[in-house]
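2 protein chains.
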Amino acid sequence: MSGDETAAIDAFEQLGLTSYEAKVFIALHRLSAGTARDIADITDVPRSQVYSVAESLEDRGLLEVQQSNPIRYRPVSVEEARETLRSQFEREQERAFEYVAAVEREPEGEETREDIWTVRGRDRVDDRTVDILSQAEQRIVFGTRLPEFVTPPIERTLAERAAAGVSVSVVSGRDAVREQFAAVDGVTIERPPAHRTDDQRSGRIVIADDDGILLSVRGGADGETAIWSSGSLFASVLIQLIEASDELAVE
Amino acid sequence: MSGDETAAIDAFEQLGLTSYEAKVFIALHRLSAGTARDIADITDVPRSQVYSVAESLEDRGLLEVQQSNPIRYRPVSVEEARETLRSQFEREQERAFEYVAAVEREPEGEETREDIWTVRGRDRVDDRTVDILSQAEQRIVFGTRLPEFVTPPIERTLAERAAAGVSVSVVSGRDAVREQFAAVDGVTIERPPAHRTDDQRSGRIVIADDDGILLSVRGGADGETAIWSSGSLFASVLIQLIEASDELAVE
DNA sequence: GCCGCGTTTGTAGGATCGTAACAACAGTAT
DNA sequence: ATACTGTTGTTACGATCCTACAAACGCGGC
Chain S
0 MSGDETAAID AFEQLGLTSY EAKVFIALHR LSAGTARDIA DITDVPRSQV
50 YSVAESLEDR GLLEVQQSNP IRYRPVSVEE ARETLRSQFE REQERAFEYV
100 AAVEREPEGE ETREDIWTVR GRDRVDDRTV DILSQAEQRI VFGTRLPEFV
150 TPPIERTLAE RAAAGVSVSV VSGRDAVREQ FAAVDGVTIE RPPAHRTDDQ
200 RSGRIVIADD DGILLSVRGG ADGETAIWSS GSLFASVLIQ LIEASDELAV
250 E
Chain H
0 MSGDETAAID AFEQLGLTSY EAKVFIALHR LSAGTARDIA DITDVPRSQV
50 YSVAESLEDR GLLEVQQSNP IRYRPVSVEE ARETLRSQFE REQERAFEYV
100 AAVEREPEGE ETREDIWTVR GRDRVDDRTV DILSQAEQRI VFGTRLPEFV
150 TPPIERTLAE RAAAGVSVSV VSGRDAVREQ FAAVDGVTIE RPPAHRTDDQ
200 RSGRIVIADD DGILLSVRGG ADGETAIWSS GSLFASVLIQ LIEASDELAV
250 E
C-alpha cells in the first residue's frame, strides 16, 4: 500500500470512518464497481467483512447496492460523497453548538480576572490576534518580523480599525512587512527600536489600547505559541513595561 | 443531565470528540472559565481526567490554558470553535478525497453493464434524481404524488433541461405539484392515466430519454428507497413497459 | 500535619480488526 | 443421480486497541 493511500485512510478515519470503511470506499473507486470478492482481492479487508462494512457505507450514503448474485457495489461520486459528508457534518455541528450557545454564560464585566492565557498553534494565534485587534478603540501596535504573520484577515482588521479612527502603528524591520501596509490609510509604519534584540524565534506582538496584549514566539512542536491578556491589570502593566523600555531607549 | 445535553454530547461525539471532551467543553461554556475542580464539580468527569482531556481540547483549538496554579481553562467562543472544526473537517476531506479522485477509474463507455442499483434514504434519492435528470437530452418524464419530493434542486434541473430543449413532462394528480410547474416554460403538465393504482406508498418516477429510469417507494426504516438504472438495456425495457401500458390505456 | 493540585498507573468495557467455520447454491466430473 | 469443487453470504469468535473510570502518588501551600 502506498504512503499516499495510508494518508488518505488516516484522513477518512478523522472524518469518522473506520479503516475498513475507508479501504472499501477507495477500492470501489479504483474499480468503479464490483463485488465483495473484487474488493477483498485488492485490499487487505477480509471478504467476509466487506458485506457489513459496505452496509455501513450505504447507511452513510457513500455507496449503492445492486441486489443480485453476487451483490455488486457502486461508490457515489467524489463530489456527491463530499457533499453528503459535509451536510452530515453541518447537521451535527448545528445540534452540538445550539446547546452550547444556549447554556453559555454571558461574560460579566469584560474579563475582569487577572488572566494570562496561552494559545498554541499558528491558526489559533491568528484567530486570537484578530480578536484582540478588533477590540481596540484608540490605538494599536502590531509588530512582526515575518510577512507571513500578516494574514489577510489580520490585514483587513488593521485597515478596518484604522478606518474607524484607531491609531494603528505597524512595527517591523522587514521591508516585506512594511510594504504590505504602505498603501493603507491611517496606518503608520515604524522600525523597531535599535536596542531590541531581534531574536530569530520571536513571532508577533499585538497591543490594543492600554489593556490588550498578545505576544508570540516560534518554536516547539506547535510552531507558534502565544500568550495574551485582555482587560486585566496584568495586561496594562505588561504594556507599560514594554513601551517604557522603548521610551527610555529613545531618550 | 438534561436530554438536550445528552443529545449535544452525542453530536459532539459524531464530530470526533470523546464524551469527556464534549462534557468538559460544554461545562467550560457554562462557567466561562474555570479550573479542573470547577469542571469536575459540575460534570461527571473525574477531576484527574480533566487535565488530559483539556490538553486534547487545546490541541484541537477548542480551549485555551492559563499556566497558573491551579491551571485555569477558557473555552474559545462558539463561533471560533465552529470555524475551527469546520476548517479541520475541510482539510481532512481534502486530504481524503484528493487521493480517491487520483485513483478513480474513468467510467468506460457510459455504464455498459446491466445494472440496477438500489439507493436508500431520502437525500440520496434526491441526489440520484438530479443526476439522472441531468443526463437527459431529449425527453424527461417526472412523476410524483407528493409536492415535497420536488426539491429546489430538482425543480431547477427540470427547468434547466427544459430550457436546453429537452421535452419535460411532469405527471401528477396533485394540484400542489401541478401548480409548482405551471409557470415553468417548456414543461408540460399531465395527469396520470386513470388505470394507474395510486398506491399510498408510491414515491416518484423519473424517466430520462429511453435509457434512464428511477423508481422510488416510501416505507421501511430509511423512509424512501429507490431503484435506478441508466444506459442499460434493462432500463430501456423497463421504460418501454411502463409507457406501453399507458399507451394501451389511452386507446 | 493537612489539604488541594497535578501526575501517573491500573482496570473494565466496547468497538474494531482479523480469522474461521458454516449453510446454500452452481457447475463439473463420475 | 451422486459426489466433488468452488463461490457466496452469514455468523461466530479471539485479539487488539482506545475510552471510560478509579485509585494512588508526589508535591507545595497554609
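Just so you know, the sequences run in chain order S and H. According to numbering that gives the first Met the number 0, the residues represented by the first sequence are 0 to 250, in order. According to numbering that gives the first Met the number 0, the residues represented by the second sequence are 0 to 250, in order. Even glycine gets a Cβ: it sits at the ideal position worked out from N, Cα and C.
Under the three-state reduction of DSSP, which class applies to residue i: helix, strand or coil?
i, result
"S/Val77", "helix"
"S/Leu263", "Nothing about residue 263 of chain S can be read from this structure; chain S reaches only from 0 to 250."
"H/Phe180", "coil"
"H/Ser18", "helix"
"H/Thr128", "helix"
"H/Ile238", "helix"
"H/Ala207", "strand"
"H/Ile25", "helix"
"S/Arg217", "strand"
"S/Ser201", "strand"
"S/Glu110", "In this prediction, S/Glu110 scores a pLDDT of 48, lower than 50, which makes its location untrustworthy; no coordinate-derived value is stated."
"S/Arg104", "coil"
"S/Val99", "helix"
"H/Ser133", "helix"
"S/Ser31", "coil"
"H/Ser67", "coil"
"S/Val165", "coil"
Check for me: the alpha helix (DSSP H) holding residue i runs from which residue to which?
i, result
"S/Phe11", "2–13"
"H/Ile41", "35–41"
Starting from the C-beta of residue i, find all residues in its chain whose C-beta is less than 7 Å away, skip the five residues before and the five after it, and write them out in chain order.
i, result
"H/Thr156", "Val129, Leu132, Ser133"
"H/Arg160", "Leu132, Ala135, Ile139, Val167"
"S/Val49", "Val23, Ala35, Ile38, Ala39"
"H/Val102", "none"
Any heavy atom of the ligand SAM closer than 7 Å to the Cβ of residue i?
i, result
"S/Val236", "This structure simply doesn't include the ligand SAM, nor any ligand for that matter."
Report the rounded CA-to-CA distance for residue i versus residue j, giving the unit in angstroms.
i, j, result
"H/Leu189", "H/Leu213", "Contrary to the premise, residue 189 of chain H reads as Glu rather than Leu in this sequence. For H/Glu189 and H/Leu213, the distance between alpha carbons rounds to 19 Å."
"S/Thr34", "S/Ser67", "10 Å"
"S/Val216", "H/Arg71", "21 Å"
"H/Pro74", "S/Leu232", "21 Å"
"S/Asp125", "S/Ser201", "15 Å"
"H/Thr5", "H/Ser18", "10 Å"
"H/Glu110", "H/Ala162", "For H/Glu110, the predicted model reports a pLDDT of 49, less than 50, meaning its position is unreliable and no value from the coordinates is stated."
"S/Arg90", "H/Gln199", "30 Å"
"H/Asp210", "H/Ala135", "9 Å"
"H/Val186", "S/Leu30", "39 Å"
"S/Asp174", "S/Ala32", "56 Å"
"H/Gly142", "H/Ser171", "6 Å"
"S/Ala80", "H/Gln65", "41 Å"
"H/Asp208", "H/Ser229", "10 Å"
"H/Asp3", "H/Arg94", "34 Å"
"S/Leu16", "H/Arg104", "22 Å"
"S/Val77", "S/Glu54", "19 Å"
"S/Val165", "S/Pro146", "22 Å"
"S/Val99", "S/Phe11", "27 Å"
"S/Val183", "S/Val169", "11 Å"
"S/Ala234", "S/Asp114", "9 Å"
"S/Leu56", "H/Ala181", "39 Å"
"H/Val176", "H/Gln13", "37 Å"
"H/Ser86", "H/Leu240", "50 Å"
"H/Ala7", "S/Gln92", "9 Å"
Starting from residue i, trace the beta strand (DSSP E) in both directions and tell me its first and last residue.
i, result
"S/Thr150", "Neither: S/Thr150 is in no beta strand (DSSP E) and is coded neither H nor E."
"S/Glu223", "223–229"
"H/Gly172", "Where H/Gly172 is concerned, there is no enclosing beta strand (DSSP E), given that its DSSP letter is neither H nor E."
"S/Glu189", "186–189"
"H/Gly142", "138–143"
"H/Val118", "116–119"
Might you give, ordered along the chain, the residues of its own chain that have their beta carbon closer than 6 Å to the beta carbon of residue i, omitting 5 neighbours on each side?
i, result
"H/Glu223", "Arg121, Val124, Gly202, Ser215, Arg217"
"H/Gly60", "Thr83"
"S/Leu237", "Ile212"
"H/Glu63", "Arg73"
"H/Val205", "Thr128, Ile131, Phe141, Leu213"
"S/Val118", "Val124, Arg127, Ala225"
"H/Pro191", "Val170, Gly172"
"H/Trp254", "In the structure displayed, chain H extends from 0 to 250; residue 254 of chain H sits before or after that span and is not available."
Here's a check: name, in chain order, each residue in its chain whose Cβ is nearer than 8 Å to the Cβ of residue i, leaving out the five neighbours to either side.
i, result
"H/Leu27", "Gly33, Ile38, Leu62, Tyr72, Arg73, Pro74"
So does the region 119–133 of chain H actually touch the region 150–161 of chain H, counting three or more Cβ pairs closer than 8 Å? Contact holds between the region 119–133 of chain H and the region 150–161 of chain H, because three or more Cβ pairs, one in each stretch, are under 8 Å apart.
Check whether the region 14–23 of chain H touches the region 43–52 of chain H, taking contact to mean three or more Cβ pairs, one atom from each stretch, closer than 8 Å. Judged by Cβ distances under 8 Å, the region 14–23 of chain H makes contact with the region 43–52 of chain H, as three or more pairs qualify.
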